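Enquirer: What follows is a structure written as structure tokens; I'll ask about it next.
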Amino acid sequence: MGPVRPSARRTVAGALALVAVLLMASAIARSTPDAVPDVRLADLPREARETYATIVGGGPLPHDRDGASFGNRERLLPPAPRGYYHEYTVATPGAANRGARRIVCGGPRKMPDACYYTSDHYQSFRRIRE
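Printed below as a string of structure tokens:
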């Protein structure tokens, strides 16, 4: 087999670039608001429903970290400016600490634009629908 022609190299490089673009587009599509699955408020655990009611009711919030800024470093929620998201603890029965369950809300604290539930400490989210 002889040397590879420059035109063949360009074809392979172009194909690799196309694959990279398609992979990036797929990742971006997964991070859009439509990619976050929904969950009905009524289908959440009782503790999550209580936390949600406390959030939209304006408190009082039981944990020091409740209302702290959530940075969305996992990029699983829709992109937003710094300070847009805030996290709230959802009690986990039997846990000696705050546990893994949280609600993260975006927008104004008393009337959030959207809230998301995670039962696995930010590994996945579901958008809460009333």
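The sequence shown begins at 0 in numbering that gives the first Met the number 0 and counts up one residue at a time.
The beta-carbon is built from N, C-alpha and C at its ideal position, and this holds for glycine as well.
Fair warning: this is a prediction, and the values are worked out from it, not measured in the lab.
#1: To which residues of the same chain is G57 closer than 7 angstroms at the C-beta, ignoring the five residues directly before and after it?
#2: In this structure, does DSSP put A90 in helix, strand or coil?
#3: Taking C-alpha atoms, which residue in E86, Y116, C104 lies nearest to D63?
#4: Tell me the DSSP secondary structure of Y116 in three-state form.
#5: Per DSSP, what kind of secondary structure is Y84 in: helix, strand or coil?
#6: When DSSP labels each residue in this structure, what does D63 get in the three-state scheme?
#7: Using 9 angstroms as the threshold, is the C-beta distance between R100 and S118 below it?
#8: One question on the structure: do N71 and P61 come within less than 9 angstroms of each other, judged by their Cβ atoms?
Expert: This is what the structure gives:
#1: Taking the sequence shown and counting its residues from 1, the one referred to as residue 57 is at position 58. Counting only Cβ-Cβ distances below 7 angstroms, and skipping sequence neighbours, we find K109.
#2: For the purposes of this step, residue 90 is taken as residue 91 along the sequence shown, with counting starting at 1. In this structure, A90 counts as coil in the three-state DSSP scheme.
#3: Mapped onto the sequence shown, residue 63 falls at position 64. Of E86, Y116, C104, the residue nearest in Cα terms is E86.
#4: Position 117 of the sequence shown, counted from the start, is the residue given in the question as residue 116. Note: Y116 maps to strand in three-state DSSP.
#5: As a first step, residue 84 must be located in the sequence shown, where it is residue number 85. Three-state DSSP puts Y84 in a strand.
#6: Within the sequence shown, residue 63 is the residue found at index 64, counting from 1. Coil.
#7: What you label residue 100 is simply residue 101 of the sequence shown in a count that begins at 1. What you label residue 118 is simply residue 119 of the sequence shown in a count that begins at 1. Yes, the Cβ-Cβ distance between R100 and S118 is below 9 angstroms.
#8: Working through the sequence shown from its first residue, we reach residue 71 at position 72. Working through the sequence shown from its first residue, we reach residue 61 at position 62. The answer is no: Cβ separation not under 9 angstroms.
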